[in-house]
Each structure stands twice: as C-alpha cells, then as structure tokens.
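For the sequence shown, my numbering begins at 2 and goes up steadily by one.
Cβ coordinates follow ideal geometry from the N, Cα and C atoms, glycine included.
In what follows, a single structure is set out as structure tokens and then discussed.
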Amino acid sequence: MASYEEDIHIIEIKKITLLENLKISARESESIEEDTREQASNPKWFEYRKNRFTASLCNRLTGRNAPKTPRGLTTLAKNFVHPKEVNKIVKLKMDYGKFYEPIAIRHYETYMKLSGFKINVEASGLVLDETNYILGATPDGKVTCDGEMGILEVKCSDQYKDIDPKAICVISPNPMVIKDKDGIFRISKEHSYYNQVQMQLALTCQTWCDFVFYIHLKD
C-alpha cells in the first residue's frame, strides 16, 4: 500500500502532466478558435474545454455564493473535472437558447443597422490564452461596429417568455438586465452573467460587449 507521501507525489505528477497537456502556443490558440466556431455542435469544442475553467463557470468561483471553505472548493473542483450530466429541465433551457440564439442575433443586427450603425457579426469559437491556458471563453459573436471590435453575448430566456423584456427588469427578483440612472438598459453587476462577460472581455482582449437579452413574443 502506498504511503501518504507517495500518494501526494503521484497526484503532483498527474497535475503537472495535465497542465503540460493544456499548454498551447499563440498559433494554436488562433487555430482552435477557428476550428470551434460551431461551438456545441462541434466535438472539438468540448474536447478543448475539458479541464479548463471557462467563462460560463466564472461566477461559481467569484460570485456571492462561491465556496469559501476547503470542502466547498474541493466539491467545486470535482464537479469541474467530472461534470454531472445535465437534468431534463436544464437541457430544455439549453435547447431553447440554442434554437432562439441565431434569431436573436438577426434581430440585433437589424436593430443596429436601423439605428445607423455599420455592423458585422461573425461566429466566435473557443478563445484560449497561451499564457493563462487553463482559462477559456466562447462569446456568442465577434462584432465590428463602425470599425471598432467587440464581442456579443446572447441570453434567450424561457422563464419569462411572452413578457416584454423591459418589464422583466421590474418583476424579476434577480434581473440580468437593469435600467441605469440615465435610462439605459445594462447587464446587472449583481447577476452571474456579468462575471461571465468580464472574463470573455479579458480573454478576447476587447473593451466592450453588447449583451442581448432576447424574449420570444407571440404574434
């Protein structure tokens, strides 16, 4: 039977090996982003995300309810390395978002063009940084607006479907979008999606993100 010291040594070797296998070059990072623009429809997207801390998980470590104790952090790490299969309710929400996301993007493009902006939206793959190679992010789009580069993040809610998005800012106990003092709708800093967007901005080296909150209203 291996001793405690031997077990620790084996774990350390496995950790080093795992981290070495995650290392990438700048050229590899560009190639991965190009190869994974289909996102969840592409098996490579899942492959490259494995054992990496992605922006969608950011709030679990930085949010209000993030674990503070060693036991809590251990549980988080286990769920991170060995993610549980999503339940039916979560899958339905994911399928809803996947279906309406391209529709939301088309509405966004139309709105921006009608507002006088020269805009172009392209698909984005998984963005990895060669320095912080354990981190990753997949914005829903890369945006060029009047010559300036930014990113796009889209959320399609089935919870409040058929309700005007502006009304949700008032009735939701934890709204993802709020109206600021100037009457402009912005992502709430108190919501988990805010941390996700901040990590996306950091890894893509962009300074702004258009956050689209889409509700499908019946005709």
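Where the beta strand (DSSP E) through E1 begins and ends: The structure shown does not extend to residue 1, since the chain is modelled only from 2 through 220, so no value can be given for it.
May I ask you to report which of helix, strand or coil DSSP gives I185? coil
Can at least three beta-carbon pairs, one atom from the segment 173–182 and one from the segment 127–136, be found at a separation below 8 Å? no
Beta-carbon contacts of Q201 that lie in its chain and below 7 Å, excluding the five residues immediately before and after: A56, A138, P140, I152, E154, C210
Rounded C-beta distance between E309 and G142? I'm assuming under 8 Å. Outside the modelled stretch of the chain, which goes from 2 to 220, sits residue 309, for which no answer is possible.
Note the first and the last residue of the continuous alpha helix (DSSP H) segment covering F100. 89–115
Excluding the five sequence neighbours on either side, which residues of its own chain have a C-beta within less than 8 Å of the C-beta of I135, listed in chain order? L20, L23, N52, R53, F54
F81 versus L115 - alpha carbon distance: 43 Å
Under 8 Å between C-beta atoms of E102 and C157: yes
Alpha-carbon to alpha-carbon, K119 and A105: 18 Å
Straight-line CA distance for N66 to A78? 15 Å
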